[in-house]
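In the numbering used here, the protein residues as written are 181 to 434. Don't be surprised by glycine CBs; every beta carbon is placed ideally from N, CA and C. The model shown is predicted, which means the values in this text are computed figures rather than measured ones. The structure appears right after this line, and notes come after that.
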Ligand SMILES: NC(=O)c1ccc[n+]([C@@H]2O[C@H](COP(=O)([O-])OP(=O)(O)OC[C@H]3O[C@@H](n4cnc5c(N)ncnc54)[C@H](O)[C@@H]3O)[C@@H](O)[C@H]2O)c1
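This is how it looks when you write it as structure tokens:
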């Protein structure tokens with residue numbers, strides 16, 4: 181198993197993509213720190229991993245909060261004595277133009293989607309450095325490259341995540357820590373389902389979103405998880421600073 185003896189932190193692992201990523205790492209032998217603001221969802225992911233024979237702990241944290249992020253690193257080291265992989269996945273959506281979005285909403289989205297990457301990396305990378313090598317993977321979005329109506333703070337946060345990934349890749353190459361990001365298209369998660377519910381006809385909205393992808397469907401969380409697993413593995417030993425688009429061809433066509 182690729183990650184036997186390694187410890188991986190997955191933020192926002194209570195549901196959606198984060199849960200699929202956590203389960204995928206556990207199936208490859210990693211010990212998992214399941215980090216989420218939602219206690220019930222996080223504990224459910226831990227149970228799913230343990231039921232499959234894997235090892236996992238739950239850490240409740242708001243990853244946009246500095247002391248919570250520091251606690252994530254401390255609790256993981258206390259439990260597993262190491263950190264090898266950090267997946268900054270937690271994210272929230274908000275709809276509004278610049279005019280419609282309040283300062284509080286801007287701060288909240290930028291806090292959870294971008295500042296959390298800064299904070300969790302700040303406190304976890306020193307522990308990864310102690311291992312002599314490791315990997316950080318940030319979950320950005322195709323919305324870091326292209327935008328749509330009324331997603332002002334979200335698209336800004338995802339563009340920032342892609343830029344921050346490049347900076348971190350450069351800063352930590354000397355420590356053999358590779359830093360990459362993954363940019364998903366529409367993926368079938370509670371976040372996407374909630375977005376569909378905001379439309380007049382949620383089923384029709386999902387069908388329209390599926391149609392916009394070259395592959396004519398939305399993706400599954402497990403399909404993103406496999407790319408994250410690859411980027412963290414030795415198979416991706418020459419990949420750093422990359423933004424991996426996992427979008428069924430969504431942004432390849434005009
Ligand atoms: N679903 C998509 O179509 C899609 C597309 C592109 C990018 N993304 C990105 O992928 C990531 C995961 O999205 P998802 O669709 O699985 O979302 P989701 O809403 O289904 O799950 C997100 C998880 O993050 C947790 N979370 C939210 N705020 C948190 C905080 N402050 N601290 C800790 N945990 C927190 C939630 O409790 C939840 O368990 C996000 O960064 C999102 O922006 C999603």
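Under a three-way DSSP split, which group does residue i fall into?
i, result
"residue 275", "coil"
"residue 399", "strand"
"residue 268", "strand"
"residue 183", "coil"
"residue 191", "strand"
"residue 422", "coil"
"residue 315", "strand"
"residue 213", "strand"
"residue 236", "strand"
"residue 367", "strand"
"residue 357", "strand"
"residue 243", "coil"
"residue 139", "Absent from the structure is residue 139, since the part of the chain shown begins at 181 and ends at 434."
"residue 394", "coil"
By alpha-carbon positions, which one of the options ends up nearest to residue i?
i, options, result
"residue 243", "365, 214 and 184", "214"
"residue 406", "391, 208, 348 and 321", "208"
"residue 297", "341, 240, 327 and 212", "341"
"residue 246", "311, 187 and 300", "300"
"residue 248", "234, 295, 278 and 231", "295"
"residue 327", "382, 317, 339 and 258", "339"
"residue 303", "404, 262, 414 and 434", "262"
"residue 330", "345, 280, 309 and 238", "280"
"residue 362", "284, 401, 396 and 239", "401"
"residue 353", "337, 274 and 422", "422"
"residue 333", "206, 434 and 290", "290"
"residue 189", "283, 383 and 317", "317"
"residue 276", "359, 258, 269 and 335", "335"
"residue 321", "227, 347, 270 and 217", "270"
"residue 416", "357, 432 and 311", "357"
"residue 221", "204, 237 and 233", "237"
"residue 199", "185, 284 and 216", "216"
"residue 367", "430, 232 and 359", "430"
"residue 183", "410, 433, 350 and 425", "410"
"residue 305", "206, 239, 348 and 186", "348"
"residue 307", "337, 346, 203 and 187", "187"
"residue 403", "310, 424 and 260", "424"
"residue 240", "231, 232, 230 and 223", "223"
Quick test of your reading: residue i and residue j, contact by CB under 8 Å. State the CB separation rounded to the nearest angstrom.
i, j, result
"residue 364", "residue 427", "6 Å"
"residue 133", "residue 267", "Limits of the chain in this structure are 181 at one end and 434 at the other, which puts residue 133 out of reach."
"residue 385", "residue 376", "5 Å"
"residue 196", "residue 379", "At roughly 19 Å, the Cβ-Cβ gap does not stay under 8 Å, so residue 196 and residue 379 are not in contact."
"residue 228", "residue 193", "Not confirmed; about 10 Å, so no contact."
"residue 206", "residue 234", "3 Å"
"residue 274", "residue 284", "With a Cβ gap of about 10 Å, residue 274 and residue 284 do not count as contacting."
"residue 292", "residue 319", "Actually they are not in contact, since the Cβ atoms of residue 292 and residue 319 sit about 12 Å apart, beyond 8 Å."
"residue 412", "residue 315", "4 Å"
"residue 432", "residue 394", "6 Å"
Does residue i get closer than 8 Å to chain D when you measure Cβ to Cβ?
i, result
"residue 210", "The structure shown contains no chain D; it holds only a single protein chain."
Original post:
Can you list, in chain order, the stretches of the beta strand (DSSP E) that have 3 or more residues and sit fully within the stretch 284-328?
Top reply: If only uninterrupted beta strand (DSSP E) runs of at least 3 residues are considered, those enclosed by the stretch 284-328 are 314-319.
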